[in-house]
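Chains as they are written, first to last, in the numbering used here: chain R, 26 to 229; chain Y, 26 to 229. Worksheet for the structure shown next.
2 protein chains.
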Amino acid sequence: MAPRRGRVEMRRIEDRTSRQVRFSKRRSGLFKKAFELAVLCDAEVALLVFSPGGKLYEFSSVSSLESTLDRYETFMNAENVVRKLDDNGQNHDEEFALLEANSKLLEIGKRLVETNLAEMNAEELGKLEEDLCHALKWARSRKNQLMTSSLNRPQKEVVVPTTTTTTSITEAERCTDGSNDTAAEGERVWGRPPSRAALGDVDT
Amino acid sequence: MAPRRGRVEMRRIEDRTSRQVRFSKRRSGLFKKAFELAVLCDAEVALLVFSPGGKLYEFSSVSSLESTLDRYETFMNAENVVRKLDDNGQNHDEEFALLEANSKLLEIGKRLVETNLAEMNAEELGKLEEDLCHALKWARSRKNQLMTSSLNRPQKEVVVPTTTTTTSITEAERCTDGSNDTAAEGERVWGRPPSRAALGDVDT
DNA sequence: GGAACTATCCTTAGCCC
DNA sequence: GGGGCTAAGGATAGTTC
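Encoded structure:
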């Protein structure tokens with residue numbers, strides 16, 4: 026990779042300008058590779074890079090980056106649901122969570138009706154935002170739960186009704202969700218969206 | 026770069042197995058590059074790849090990929106706010122939007138209080154989810170608007186108060202999980218959103 | 001058993017001193 | 001233009017589900 030004499034030190038480049046230059050070059054290289062991977066191998070690729078200066082660079086192999094992010098969220102969501110479901114047969118646990126979620130939802134609803142956006146300051150808005158996010162999470166996980174359990178669930182693999190239903194999700198599914206584990210590099214399977222007919226497509 | 030005879034054809038590889046093998050190799054190469062870019066140049070990188078078979082591969086230079094996705098969402102949001110603001114003059118336009126958002130919020134609130142999660146089917150939940158998502162977007166963009174305009178806004182550049190340390194934002198901004206923004210990478214300024222720096226590259 | 005994916009060996013193309 | 005190095009292709013033999 027680095028055509029330097031001998032070894033390459035894999036640590037932050039100290040010199041500011043040099044770092045900036047290398048950033049540009051490597052970034053172009055990376056984007057090119059990403060593009061090639063997508064085209065040659067028919068993969069769906071999304072790439073986000075924030076420069077050290079905070080500038081955003083993005084690449085997406087499909088029409089919109091958001092659609093790949095949606096796919097990702099959906100993927101993760103499905104995975105979580107599965108994990109929860111075969112973690113145990115603790116259904117009462119589940120029911121309890123449902124009740125709790127419901128009461129929180131109600132609470133948030135009450136606050137919403139007496140909300141006046143124009144009079145709120147940033148802090149209040151922040152709180153509101155947080156609450157909405159929670160509500161969203163509950164609704165979402167409940168939905169996933171339903172969708173999953175309504176299917177004949179074989180043994181371990183959630184074969185989500187490929188594609189078909191996916192479309193109805195896209196718009197709402199996004200908006201950041203919770204739950205994350207793993208950092209770098211993971212791999213998981215989820216069903217088998219027929220090659221390239223899922224949501225995104227629209228090949229460049 | 027491709028050691029093929031002569032030129033590389035930039036189109037989908039037809040042979041299935043060959044495509045698969047190349048996918049693996051190129052993917053590893055890409056991930057490696059992404060890693061190097063992040064480390065050497067101190068950039069925040071997020072990479073999502075779906076194999077043609079639907080398997081997910083992810084890379085993130087920080088602890089959680091979600092956090093980068095959040096950054097992205099926030100960034101985009103801010104950019105939109107800016108665009109709206111210096112579409113400018115048209116403040117009444119803005120006010121109108123605010124009013125409208127408020128009424129929608131109220132509507133959603135009403136529905137929320139009479140919601141019973143346990144009795145909803147997937148479809149209804151989907152609708153609820155969508156509404157919540159919209160509400161969230163409004164709240165969020167309103168907040169961004171406030172935060173932006175409350176600063177001395179020079180001419181075109183929104184220097185948001187460095188979400189980094191001061192963090193009036195961080196907390197709620199990522200409803201994801203809060204707990205890990207300081208990641209392990211050091212200074213991330215996210216100053217200047219509004220710059221044309223999106224998906225250039227992709228030449229070939 | 002088969003499909004998707006990975007690893008290994010060997011070779012070549014492209015880069016940068 | 002050659003030396004050193006990396007990315008990547010061909011082929012093929014594992015590995016996992």
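Glycine included, C-beta positions come from ideal geometry on N, C-alpha and C. Values in this document were obtained by computation on a predicted structure and should not be read as measured data.
> Around the C-beta of Y/A164, are 16 or more other C-beta atoms found within 10 angstroms, so that it is buried, or is it exposed?
Replying inline: Along the second sequence, read from residue 1 onward, the residue named residue 164 of chain Y stands at position 139. Buried: at least 16 other Cβ atoms inside 10 Å.
> With 8 Å set as the bound, which would you pick, yes or no: does the beta-carbon of R/A103 sit closer than that to a beta-carbon of chain Y?
Replying inline: In the first sequence, the residue the question calls residue 103 of chain R occupies position 78. Closer than 8 Å: no.
> If we cut at 8 Å on Cβ distances, does R/T99 have a partner in chain Y?
Replying inline: Translated into positions along the first sequence, residue 99 of chain R becomes position 74. For R/T99, the answer is no, since every Cβ of chain Y falls outside 8 Å of its Cβ.
> Under a CB-based cut-off of 8 Å, is R/P179 close to chain Y?
Replying inline: Here residue 179 of chain R refers to the residue found at position 154 when the first sequence is read from its first residue. Model confidence at R/P179 stands at a pLDDT of 42, short of 50, so the residue's coordinates are unreliable; what they give is reported in the following sentence. No, its Cβ sits nowhere closer than 8 Å to a Cβ of chain Y.
> Within 8 Å (strictly less), CB to CB, does R/D67 reach chain Y?
Replying inline: Within the first sequence, residue 67 of chain R is the residue found at index 42, counting from 1. When Cβ-Cβ separations below 8 Å define contact, R/D67 makes contact with chain Y.
> Y/L90 and R/L161: beta carbons closer than 8 Å?
Replying inline: Position 65 of the second sequence, counting from 1, holds the residue named residue 90 of chain Y. Position 136 of the first sequence, counting from 1, holds the residue named residue 161 of chain R. Contact: no.
> Which value, in whole angstroms, describes the spacing of the CA atoms of R/G54 and R/F100?
Replying inline: In the first sequence, counting from the first residue as 1, residue 54 of chain R sits at position 29. In the first sequence, counting from the first residue as 1, residue 100 of chain R sits at position 75. Near 28 Å, if we compare the C-alpha coordinates of R/F100 and R/G54.
> Counting pairs of Cβ atoms below 8 Å between the segment 123-135 of chain Y and the segment 74-91 of chain Y, do you hit three or more?
Replying inline: no
>> Taking 8 Å as the threshold (beta carbon to beta carbon), is R/R44 in contact with chain Y?
In response: Here residue 44 of chain R refers to the residue found at position 19 of the first sequence. Chain Y places a beta carbon closer than 8 Å to that of R/R44, counting this residue as a contact.
>> Just checking: is the beta-carbon of R/R47 within a distance shorter than 8 Å of some beta-carbon in chain Y?
In response: Within the first sequence, the letter at position 22 stands for residue 47 of chain R. Yes - at least one Cβ of chain Y is within 8 Å of the one on R/R47.
> Leaving out the 5 sequence neighbours to the left and right, which residues in its chain are closer than 6 Å to R/F84 when beta-carbon positions are compared?
Replying inline: Here residue 84 of chain R corresponds to residue number 59 of the first sequence, with the count starting at 1. For R/F84, where only same-chain residues beyond five positions count, the Cβ hits under 6 Å are F56, A59 and L72.
>> I'd like to know whether the C-beta atoms of Y/A147 and R/L123 end up nearer to each other than 8 Å.
In response: Within the second sequence, numbered from 1, the residue matching residue 147 of chain Y stands at position 122. Within the first sequence, numbered from 1, the residue matching residue 123 of chain R stands at position 98. The answer is no: Cβ separation not under 8 Å.
> For Y/S76, which residues in chain R fall below 7 Å Cβ to Cβ?
Replying inline: Start at 1 with the first residue of the second sequence, and residue 76 of chain Y comes out as number 51. Those within 7 Å of Y/S76 in chain R are A68.
>> Tell me the DSSP secondary structure of Y/R36 in three-state form.
In response: The sequence position of residue 36 of chain Y within the second sequence is 11, counting from 1. Coil at Y/R36, not helix or strand.
>> I believe Y/L137 touches R/L131 by the beta-carbon criterion, under 8 Å. Please report the beta-carbon distance rounded to the nearest angstrom.
In response: Residue numbering aside, residue 137 of chain Y sits at position 112 when the second sequence is read from its first letter. Residue numbering aside, residue 131 of chain R sits at position 106 when the first sequence is read from its first letter. With 8 Å as the limit, Y/L137 and R/L131 qualify as a contact, their Cβ atoms being about 7 Å apart.
> So what's R/V74 in DSSP terms, helix, strand or just coil?
Replying inline: Here residue 74 of chain R refers to the residue found at position 49 when the first sequence is read from its first residue. R/V74: strand per DSSP, three-state reduction.
> With respect to the beta strand (DSSP E) encompassing Y/L171, which residues constitute its N-terminal and C-terminal limits?
Replying inline: Taking the first residue of the second sequence as 1, we reach residue 171 of chain Y at position 146. Not the beta strand (DSSP E): Y/L171 falls in the alpha helix (DSSP H), residues A147 to S174.
> By DSSP, does R/E83 sit in helix, in strand, or in coil?
Replying inline: Looking up residue 83 of chain R in the first sequence gives position 58. DSSP places R/E83 in strand when its eight states are reduced to three.
> When the Cα atoms are used, what is the spatial distance from Y/K50 to Y/N141?
Replying inline: In the second sequence, counting from the first residue as 1, residue 50 of chain Y sits at position 25. In the second sequence, counting from the first residue as 1, residue 141 of chain Y sits at position 116. So the alpha carbons of these two residues sit roughly 50 Å apart.
> In chain R, what lies closer than 7 Å to Y/E154 by C-beta?
Replying inline: Taking the second sequence and counting its residues from 1, the one referred to as residue 154 of chain Y is at position 129. Within 7 Å Cβ-Cβ: L161, A164, R165, K168 and A197.
>> Please report the straight-line C-alpha distance between R/E98 and R/E144, rounded to a whole angstrom.
In response: The residue given as residue 98 of chain R occupies position 73 in the first sequence. The residue given as residue 144 of chain R occupies position 119 in the first sequence. Straight through space, the alpha carbons of R/E144 and R/E98 are spaced by roughly 34 Å.
>> Could you compute how far the alpha carbon of R/G78 sits from the alpha carbon of Y/R44?
In response: To locate residue 78 of chain R, count along the first sequence from 1; it is residue 53. To locate residue 44 of chain Y, count along the second sequence from 1; it is residue 19. Rounded to whole angstroms, R/G78 to Y/R44 spans 37 Å at the Cα level.
> Taking the C-alpha atoms as reference points, what is the distance between Y/A103 and R/Y82?
Replying inline: By 1-based counting over the second sequence, the position of residue 103 of chain Y is 78. By 1-based counting over the first sequence, the position of residue 82 of chain R is 57. Spanning the two alpha carbons is a distance of roughly 15 Å.
> Is it right to say Y/T42 is buried, meaning 16 or more other beta carbons lie within 10 angstroms of its own, or is it exposed?
Replying inline: Along the second sequence, one-based indexing puts residue 42 of chain Y at 17. The residue in question, Y/T42, is exposed, as its Cβ has fewer than 16 Cβ neighbours within 10 Å.
>> Taking CB distances under 8 Å as the criterion, tell me whether R/R41 reaches chain Y.
In response: As a working mapping, residue 41 of chain R is identified with position 16 in the first sequence. Answer no: the Cβ-Cβ gap between R/R41 and chain Y never drops below 8 Å.
>> So, under 8 Å CB-CB, R/G134 and Y/G134 are touching, yes? Tell me the CB distance rounded to an integer number of Å.
In response: To locate residue 134 of chain R, count along the first sequence from 1; it is residue 109. To locate residue 134 of chain Y, count along the second sequence from 1; it is residue 109. That pair is a contact at about 5 Å.
> How many angstroms separate the CA atom of R/R37 from the CA atom of R/H159?
Replying inline: If you number the first sequence from 1, residue 37 of chain R lands on position 12. If you number the first sequence from 1, residue 159 of chain R lands on position 134. Those two C-alpha atoms are separated by around 38 Å.
> Which residues bound the alpha helix (DSSP H) around R/A62?
Replying inline: Taking the first sequence and counting its residues from 1, one reaches residue 62 of chain R at position 37. According to the sequence shown, residue 62 of chain R is Leu rather than Ala. Looking at the DSSP string, the run of the alpha helix (DSSP H) that includes R/L62 is R41 to C66.
>> Tell me the DSSP secondary structure of Y/E144 in three-state form.
In response: Residue mapping note: residue 144 of chain Y aligns to position 119 of the second sequence, counting from 1. Note: Y/E144 maps to helix in three-state DSSP.
> If you compare alpha carbons, which of Y/E120, Y/R167, Y/D67 and Y/R52 is closest to R/V64?
Replying inline: Position 39 of the first sequence, counted from the first residue, corresponds to residue 64 of chain R. Ranking Y/E120, Y/R167, Y/D67 and Y/R52 by Cα distance to R/V64 puts Y/R52 first.
>> My output table needs one value for Y/E125: the three-state DSSP class, helix, strand or coil.
In response: Along the second sequence, one-based indexing puts residue 125 of chain Y at 100. Here Y/E125 sits in helix by DSSP.
>> Within 10 Å of its beta-carbon, does Y/D40 have 16 or more other beta-carbons around it, so buried, or fewer, so exposed?
In response: To locate residue 40 of chain Y, count along the second sequence from 1; it is residue 15. Flag for Y/D40 reads exposed.
>> Quick check on this structure: which residue in R/T93, R/R167, R/E149 and R/E155 has the alpha carbon closest to the alpha carbon of R/F121?
In response: Against the first sequence, residue 121 of chain R aligns to sequence position 96. Closest by alpha carbon: R/R167.
> Given that Y/A122 touches chain R, what residues does it touch there, using C-beta distances under 8 Å?
Replying inline: Start at 1 with the first residue of the second sequence, and residue 122 of chain Y comes out as number 97. Within 8 Å Cβ-Cβ: nothing; Y/A122 doesn't reach chain R, min ~10 Å.
> How would you call Y/S174, buried or exposed, if buried means at least 16 neighbouring beta carbons within 10 angstroms?
Replying inline: Taking the first residue of the second sequence as position 1, residue 174 of chain Y is located at position 149. Exposed, since its Cβ has fewer than 16 Cβ neighbours within 10 Å.
>> Just to make sure I have the definition right: I need the residues of chain R whose C-beta is within less than 8 Å of the C-beta of Y/V107. Which are they?
In response: Taking the second sequence and counting its residues from 1, one reaches residue 107 of chain Y at position 82. By Cβ distance, chain R contributes nothing, its closest Cβ being about 13 Å from Y/V107, past 8 Å.
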